[in-house]
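Below: the structure, in structure tokens.
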Amino acid sequence: MTVRLPVLDDRGHGSLRGDGSRIKVVPADVHGRFNNVRRVMFAVLGVIYVALPFIQVGGHPAVLLDIQHRKFYLFGSVFNAQDTWLVFFLLSGGAFSLVVVAALFGRVWCGYACPQTVFLEGLFRPIERFFEGPRAAHLRRDQEGVSFSRIARKTAKHAFFVITALILAHLFVSYFVSTPLIFAMMKGPPSAHWEAFAWAFGLAGILYFNFAWFREQFCVVMCPYGRLQSALGDADTIVVGYDTNRGEPRGKAKDAGAGACVDCMRCVVVCPTGIDIRNGQQLDCIGCSACVDACDEIMDSLKRPRGLVRYDSLNGFAGNARRFLRPRVALYAGLLAAGAVALFVATQNHHSVEANLIRLAGAPYTIERGIVRNSYELHLVNKRNDTATFALEPSSEYTFVILKPRVVLQPLEDVRIPIFASLPEARARAHSVVRLRVRIEGHEQDSFNISAPFLTPVDQ
Ligand code: SF4
Ligand code: SF4
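Per our numbering, the very first residue in the sequence shown carries number 10; after that it's consecutive.
This is the structure in structure tokens:
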């Protein structure tokens, strides 16, 4: 890769030249209040990512998505395959949250909390900085050609990249197989668990490719959320921008008549996507605020007010009135609230037990010596986080034969119980229904009734 300093003359856009070839971006170090906030965010989110598979809630990992056995544990709640419809609410809720945040604060998610940013800026970039040194030394060494120092540094850097990618990938897989199991797998031969092995190493390869080389290109050319920004925001969305009125015309600090921008390029060299924020809003800007901190440093050193590059709306930069709450924010927030209400209602109907009383295939009923009989199968699933004892209590107007009137089920264990209900033909009525109470011993408040049609000759 040809190494070029990010100057403005022959550039196409950001980290890409006009001919589509890539410009290697090596951001300079930056210090400041927003950088401090980001560091704290990276640390908190990194700890959460590492800790969740290890933390136990109710005897299970806080988050375990056991796809193989179709058991999903989320902070003490247990779900099975029949609950996957809840995923719709989770995904749409997450998407609408991002839409509301984007309408209010632009790409603050991208700059502060997206895993791409958290792992690149919080892990891989510091590793690179450690082995390659600051931006100027890194670029100079790259331009010097092959040397022992350069080979040694790059070998060590990429070795650490590979190790870090492997750790992240194994952590990710542990969300699906649990940490004790992944540690056991790591001790055994790959052939004993080749699927998990392929996932872990395949994912590690993708992470290594992404964080060692692809980097900002993921945000610039692949991420759909970035592409949607111009549609989600408006002139009142808070974004990172440059105050043209105050900054232009650029000139030296001592130039009479020059604006506040001294054209020092600090805001450009710290940018992780290689763009110049002074060229206006660009899709490549991930809202990381590095240029804000960089320019504030320069303004401080010149004893000028901060905020030449700052968080503001386009209306604010233009000197117009700012509006925080506006129709599109209300619309997005309303849709998010509607989804939240729907999720709340849905989870209220989410029992800790699943019980389906299903009529068996075949004849709708049998009549023997004046007795009408219907056959059913009760499918009972324990979705509680603990062992539960179920007692089946039929209603009194029918005669029931229940093969297992009392059954003990482990968490997410299920059972199918044949049930027969009968009634003297003389008492048969159209549209009759059999009812059964499913009582959970020790948790009577969670008990509930189920029913199914009881068919007789009168129904025909
Ligand atoms: S850091 Fe500030 S002063 Fe320097 S070029 Fe950027 S906008 Fe101008
Ligand atoms: S322009 Fe500023 S906020 Fe946008 S990506 Fe570059 S450094 Fe970050």
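Glycine included, each C-beta is placed from N, C-alpha and C at the ideal position. Bear in mind the structure is a predicted one, so any value in this text is a computation, not a measurement.
Shown here for Val410: same chain residues with a beta carbon closer than 6 Å to its own, the five before and five after excluded, namely Phe429 in chain order. Between Phe169 and the set Leu148, Leu216, Glu204, the nearest pair of CA atoms involves Leu216.
In this structure, the C-beta of Val248 stays at least 7 Å away from each heavy atom of ligand 1. At the C-beta level, Gly41 and Asp455 stay beyond 8 Å of one another. With fewer than 16 neighbouring CB atoms inside 10 Å of its own CB, Asn254 falls in the exposed class. Looking at the backbone, the Cα of Ala364 and that of Trp208 are separated by about 35 Å.
One thing to note: Val279 has its Cβ within 8 Å of the Cβ of Pro36. Proximity of the beta carbon of Cys270 to ligand 2 is not indicated: no heavy atom of the ligand is located closer than 7 Å. The three-state secondary structure of Ala461, taken from DSSP, is strand.
Going by C-alpha positions, Val182 is about 57 Å away from Pro466. Take the alpha-carbon of Glu137 and the one of Met194: they are about 31 Å apart. Relative to ligand 1, Ile284 has its C-beta separated by 7 Å or more from all heavy atoms. Shown here, Lys392 sits in coil according to DSSP, grouped into three states, outside any helix or strand. Runs of the alpha helix (DSSP H) lying entirely within the region 252 to 332 and spanning at least 4 residues, in chain order: 253 to 256, 275 to 278, 299 to 310, 323 to 326.
If you check the CB distance, Pro62 and Tyr184 come in under 8 Å.
The region 43 to 58 and the region 112 to 128 touch, with no fewer than 3 CB-CB distances between them shorter than 8 Å. Taking C-beta separations shorter than 8 Å and ignoring five residues to either side along the sequence, the partners of Leu113 in its chain run Thr246, Ile247, Phe333, Val338, following chain order.
Burial check for Lys263: the Cβ neighbour count within 10 Å stays below 16, so the residue is exposed. Shortest gap from the CB of Ile307 to any heavy atom of ligand 1: under 7 Å.
One Cα belongs to Arg224, the other to Val230, and the distance between them is close to 11 Å. Residue pairing of Ser384 in beta bridges, as defined by DSSP: Phe429. Within the same chain, and ignoring the five residues on either side of His202 in sequence, the residues whose Cβ sits closer than 7 Å to its Cβ are Met194.
Boundaries of the alpha helix (DSSP H) harbouring Pro189: 188 to 196, taken from the DSSP string.
Residue state for His78 is assigned as coil, using DSSP reduced to three classes. Note on the region 17 to 64: whole alpha helix (DSSP H) runs with a minimum of 4 residues are 42 to 60, in chain order. Distances from the CA of Leu177 to each of Asp151, Asn219, Pro373 were compared; the closest alpha carbon is that of Asn219.
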